[in-house]
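For reference, the structure is listed below as structure tokens.
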Amino acid sequence: MQSAPLSTPGCGANAAPMLEPSLFSASKIPAAFIWSEAIQENLENHQEKFIHVPTVDIALFRAPSTSQKVAQIAAQASADIGFFHVVNHGIDQKLIEKVHVHSRKFFELDLSNKQKASRLPNESFGYSSSFAGRFSSRLPWKETLSLQPSPVSNIPLLLRKVLGDKHMESSSKIFTEYSREMVRVGLEIMEVLAMGLGLDRASLRTYFERPDNSSILRLNYYPPCQQPGLTFGTGPHTDPTALTLLHQDNVSGLQVLHKGIWSTVSPCRHALVANIGDTLMALTNKRYKSCIHRALVNRMQPRLSMAFFFNPGFDTIVSPPEQLVNDANPRAFLDFTWAKFLYFTQSVHRSGVNNLDSFNSWLAGQT
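Just add 5 to wherever you are in the sequence shown, counting from 1, and you've got my numbering.
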């Protein structure tokens with residue numbers, strides 16, 4: 006897929022439009038939000054298909070008698086579709102609901118207020134309206150708030166800019182607690198995925214246990230759109246990160262590309278959606294596949310999702326365990342650090358469906 010150019014924030018007639026509330030009910034959307042892929046696919050009249058996503062039960066994984074079976078389910082799903090549901094993860098449902106409530110409260114604020122925490126050029130954190138500061142065309146129909154829970158949390162700082170000292174504390178506490186739970190679940194899933202490859206169960210986990218773990222909590226808000234057949238909430242892409250843990254509200258919109266067919270992943274209140282990212286695909290030497298996915302929008306209802314991008318430390322060398330490299334499975338990618346890959350996706354290349362191949366070529370040219 007051809008990547009649209011990266012841009013720098015601008016002003017005047019050529020500036021990319023912000024996703025202002027007046028656009029939510031507008032009969033025509035600005036040209037910057039139109040995607041040729043959506044038009045070619047005739048999204049307006051597409052017949053929605055649903056996909057069965059395998060379920061990984063963490064409680065069963067903890068039981069010695071069923072752990073291997075759970076690991077096999079996760080491994081097959083990761084190699085085939087790159088997606089699976091995670092149930093019995095141990096996160097209090099009340100905490101998840103609080104994160105949804107506080108996220109909605111943030112996105113319902115005035116645009117000018119939210120912009121006090123705006124994401125800066127070449128940065129990964131802060132508020133963004135349609136990524137208008139990064140891209141000049143094919144803008145996503147969404148708002149995001151990206152937070153860094155570790156190694157040094159910026160959650161209180163960013164929320165204080167918008168909510169002030171008086172009101173930021175409760176949201177900060179809830180987002181921080183949720184992030185800690187996501188790290189816990191992410192580490193356990195790494196054990197599941199390692200066992201599924203026939204590795205020692207700690208062999209993948211060790212890449213993510215460092216103090217400089219650089220995971221990201223991204224809150225996504227997809228407002229209503231009166232021309233949903235012309236745009237995407239998020240365009241087709243794979244995640245550059247290692248593992249994404251997503252919780253959706255009850256509005257459909259997430260779709261995965263499997264065997265050439267776009268299919269909807271139905272929301273499930275008690276489950277997390279886990280998907281393999283590019284970094285984990287490199288770490289497993291392509292045994293596990295990052296899956297192309299996208300988010301659609303609709304005319305009537307806003308949609309909220311909470312994505313936790315589980316990553317290694319910035320300076321961790323992403324290099325597959327030696328057991329995964331042999332004559333039949335030679336090295337697929339050069340070694341890299343997550344910091345280098347993150348820089349590439351933020352400053353050099355717009356993330357799409359060929360992130361790793363493009364990055365590998367770029368890395369080869371740097372040597």
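Idealized CB from N, CA, C, for every residue including glycine. Quick caveat, the model's predicted, so the values are computed rather than measured.
Going along the chain, which residues of its own chain have a beta-carbon closer than 7 Å to the beta-carbon of residue i, five neighbours each way excluded?
i, result
"LEU305", "Residue identity check: residue 305 is Met in the sequence provided, not Leu. Correct list, in chain order: PRO229."
"ILE78", "PRO59, VAL61"
"MET173", "PRO161, LEU164, ARG165"
"GLY17", "Low per-residue confidence applies at GLY17: pLDDT is 42, beneath 50, and the placement is therefore not dependable enough to give any value."
"PRO307", "TYR226, TYR227, PRO228, PRO229"
"VAL330", "ASN290, ARG336"
"PHE136", "LEU144, PRO145"
"VAL358", "MET6, PRO241, HIS242, THR243, ILE297"
"TRP367", "PHE349, VAL353"
Residues bridged to residue i by DSSP?
i, result
"ILE266", "HIS263"
"MET311", "LEU224, HIS252"
"THR239", "ALA300"
"TYR132", "SER123, LEU150"
"ASN218", "GLY318"
"HIS90", "THR60, VAL278"
"VAL323", "PHE341"
"PHE55", "THR269"
For residue i, which residues in the same chain have their Cβ closer than 6 Å to its Cβ, ignoring the five residues on either side in sequence?
i, result
"THR149", "SER133, ARG223, ASN225"
"ASN303", "PRO233"
"GLY95", "none"
"SER184", "PRO154, LEU222"
"PRO317", "TYR212, PHE213, TRP343"
Starting from residue i, follow the beta strand (DSSP E) in both directions and report where the run begins and ends.
i, result
"THR60", "60-62"
"ASN280", "277-281"
In three-state terms, what does DSSP make of residue i?
i, result
"VAL330", "coil"
"SER41", "helix"
"CYS16", "Note on CYS16: pLDDT 42, under 50, position unreliable in the model; the coordinate value appears next. Residue state, collapsed to three classes: coil."
"TYR183", "helix"
"PHE112", "helix"
"ALA84", "helix"
"VAL157", "coil"
"PHE66", "helix"
"LEU24", "coil"
"ASP170", "helix"
"ASN290", "coil"
"PRO229", "coil"
"ASN118", "helix"
"ARG189", "helix"
"ILE96", "coil"
"SER356", "coil"
"ALA199", "helix"
"MET6", "Here MET6 scores only 35 on pLDDT, less than 50, and its place in the model should not be relied on; the value that follows carries that caveat. In this structure, MET6 counts as coil in the three-state DSSP scheme."
"ARG210", "helix"
"GLN73", "helix"
"GLY234", "helix"
Could you check how far apart the C-beta atoms of residue i and residue j are, in whole angstroms? I think they sit under 8 Å.
i, j, result
"VAL167", "LYS110", "At roughly 10 Å, the Cβ-Cβ gap does not stay under 8 Å, so VAL167 and LYS110 are not in contact."
"LEU250", "ALA80", "The Cβ separation is near 18 Å, so there is no contact."
"GLU182", "LEU100", "6 Å"
"THR259", "HIS298", "One detail in the question is off: residue 259 reads as Leu in this sequence, not Thr. With a Cβ gap of about 7 Å, LEU259 and HIS298 count as contacting."
"PRO325", "THR284", "That belief does not hold up - the Cβ atoms of PRO325 and THR284 are roughly 11 Å apart, past 8 Å."
"LEU403", "GLY238", "With the chain running from 6 to 372 in the structure shown, residue 403 is simply not present."
"LEU248", "ILE322", "With a Cβ gap of about 18 Å, LEU248 and ILE322 do not count as contacting."
"PHE349", "THR246", "In fact, because the Cβ distance is near 13 Å, the residues do not count as touching under 8 Å."
Residue i CB to nearest chain C CB: under 7 Å?
i, result
"LYS103", "The structure shown contains no chain C, having only a single protein chain."
Take residue i and list the residues in its own chain whose beta-carbon comes closer than 8 Å to its own, dropping the five residues that flank it on each side.
i, result
"ILE179", "LEU100, LYS103, VAL104, HIS107"
"VAL190", "ILE63, VAL91, HIS94, GLY95, ILE96, LEU250, LEU277"
"ASP205", "ALA199"
"SER27", "none"
"ALA207", "GLU196, ALA199"
For the alpha helix (DSSP H) holding residue i, just list the boundary residues, first then last.
i, result
"LYS345", "343-348"
"PHE364", "360-371"
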